[in-house]
Each structure stands twice: as structure tokens, then as C-alpha cells.
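Before any comments, here is the structure.
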Amino acid sequence: MHTPIRPIRKAVFPVAGLGTRFLPATKAVPKEMLTIVDRPVLQHVVDEARAAGIEHFIFVTGRNKGVIEDHFDNQFELEATLEARGKKKELEALLRDLPAAGQTSFTRQQAPLGLGHAVWCAREIVGNEPFALLLPDMLHHGRSPCLADMITAYNTSGGNLIAVAPVPDDQTHQYGIVGVKDAKAKVAPITGMVEKPKPGTAPSNLHITGRYILQPEIFALLEKQERGAGGEIQLTDSMIRLMGDARQPFHAVRFDGTIYDCGSKLGFLTANVALALEREDLAAEFKREVQRLLNV
Ligand code: G1P
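For my numbering, add 66 to where a residue sits in the sequence shown, where the first one is 1.
This is the structure we're talking about:
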């Protein structure tokens, strides 16, 4: 018998990473707070979760990440100043972004032991219910928000879901890779998974893009804290074990939009250009500037 379909109310955001690829920018500023146009990377990903109906936002932070907590809180001085200056639109936008009181939780991953360990750190706050997991580095940009698509699929399939998208064969070793029954289907049962396969050994070219819906039974497996690829406690390894349980279906949901890996400089810069070119208030002038720089 399959696990009954329970609503997805909570989302976990692992934000403890040191961001060494962006030094010195990330010496005092968390990498998740670097901006894509004028919104922090993390805000874009929280927006995606809110658009999917998530009610509780759980951040697994670390040392030097205090401003993330401040970002998702009221800033009375700023709000009062905007009000006094009659900047109604800006104030409304600021308040619109704010989760309601009690909708956020923060916990810390005390040591960088891997993604599996970071997720496990959220177990007490998630409790015994299915949850979404969003890796903030991976900005999913498309016509419909990735997590919303996944929740639609979940409402039929139940169980566990992983967003996937194709990558070139020479990049499969950088990701978690899944094998599926039907590589062209929007939603397909997963037949196998491997974290960072050695070149030439991947079961497909569908990579795990950083959006998951997971059942709480994952926590008991993460608890074992066995090390995997790169000596880290890998989420993928626990998902493979969970897949061994017949009551835990796993489906891949293909994401058809564009994914920007904002944990890399190239992805981060590309995301900034792409999103700026879509902004009504910026696009025309920005395009001219880009063309000028490129001598087009
Ligand atoms: C993690 C996951 C991997 C996934 C990737 C997406 O790896 O372990 O399965 O494909 O995120 O970004 P990391 O990027 O932390 O090495």
C-alpha cells in the first residue's frame, strides 16, 4: 500500500554553504543574498515556494548567515521612512514579500557535512509530514514555477518527487543523475539514482536539478549519516535507500524552463543578464548597454 497523499505545507532551504566560489563577496555576505537584478537569489527561490502554496519556510543556516533572518523580517525603520516619504509602491512590494509571522523557522547546520546532513538538521521542524526541498543555488526560471508543477504531479502520484532536466553527457559527473522508465514523459517513475557518477557511467543524462518533494521517512535514513561521494553525507544515497521501500514511489518531474546555477559565477552572471532583459523597467536601456559592450 502506498503512503496516503498528504499536503505539502513546509519547504526546507539549505543555506549553510560557505560560498567560497564567490570570495571575497561572500566573506561577510551569504552567497544566497547576492542579487539577481534587485532580489537576493534566495528571495527568488522563496517566491517559487510561495507560488506553490508553501506555508512554512525552514532555513538551515550556519555561522555568518544572520542577515538571512533579517531579510525575512519587518524592518520598521525602513518601512516608516518609506511611508513618510510617500513611497507607497515600494512599501507595498516590501510587505508583499514578507512571510507572515510564524511562517519562518531557522536552524543551523553546525558543520559542513553535506546536503544530506543539512536536510537532516531540519527534521524536528518538519516533523512527520512530507515536505519540499529547494536548493537556492539553482534558479529555476520558466513559464510555470517548478515546485508548483511538482505539487500538481504529487497530487496524483503521492510519494517522493525529484525535478530533473537534461545536461550534456560531459557534465553528468557534476550532479545527481536519475534513470527513468520514460525519458520523454513529463512525470515518470524513477528506476535508479546515482550521485556524481564517474564519466561514462551515468544511467541517463537527466540531472537532479535541486527541487524535491520528500516523505518524512527520509530522516531515519539520513540519521545513519553514512558518507558518500566526496566524503559527504549525501541526500541521494538516502533517497536510493528509501526507493527500496515499495511503499515509497519515486517520480521524476521534467522541468522545461531554464536553470541557472547561481552557485557558479557564469550561471550567476547569466541569470542577472537574462532576468534584467525581462524587466519592463530595465530591458530597453539594458539591452542597448549590452549591445554596446559587445559591439553589436
Ligand atoms: C547537490 C545534489 C545533486 C544535485 C545538485 C544540484 O549537489 O547532491 O544530486 O544534482 O545539488 O545542484 P551539490 O551541488 O551540492 O554538489
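All C-beta atoms in this analysis are idealised placements derived from N, C-alpha and C, irrespective of residue type, glycine included.
Here lysine 76 is bridged, per DSSP, to His122 and Phe197.
Here glutamate 190 is exposed: its Cβ has fewer than 16 other Cβ atoms, across all protein chains shown, within 10 Å. Note on arginine 209: under 16 other CB atoms within 10 angstroms of its CB, so exposed under the neighbour-count rule.
Less than 9 Å divides the Cβ of valine 244 from the Cβ of histidine 273.
In terms of side-chain proximity, the C-beta atom of tyrosine 241 is found nearer than 8 Å to a non-hydrogen atom of ligand 1. A Cβ-Cβ separation of about 6 Å places alanine 249 in contact with serine 270 under the 8 Å criterion. One Cα belongs to leucine 179, the other to glutamate 351, and the distance between them is close to 45 Å. For the 9 Å CB-CB criterion, isoleucine 279 and leucine 335 do not form a contact. Distances from the CB of methionine 204 to the heavy atoms of ligand 1 include at least one below 8 Å. The Cβ-Cβ distance between glutamate 114 and alanine 214 falls below 9 Å. In this chain, the beta strand (DSSP E) harbouring asparagine 226 covers 226-232. Phenylalanine 352 carries a helical assignment under DSSP once its states are collapsed to helix, strand and coil.
By a beta-carbon distance limit of 8 Å, phenylalanine 123 contacts alanine 77. Their separation comes to about 6 Å. Contact between leucine 343 and lysine 353 holds, since their C-beta atoms are separated by about 6 Å, short of 8 Å.
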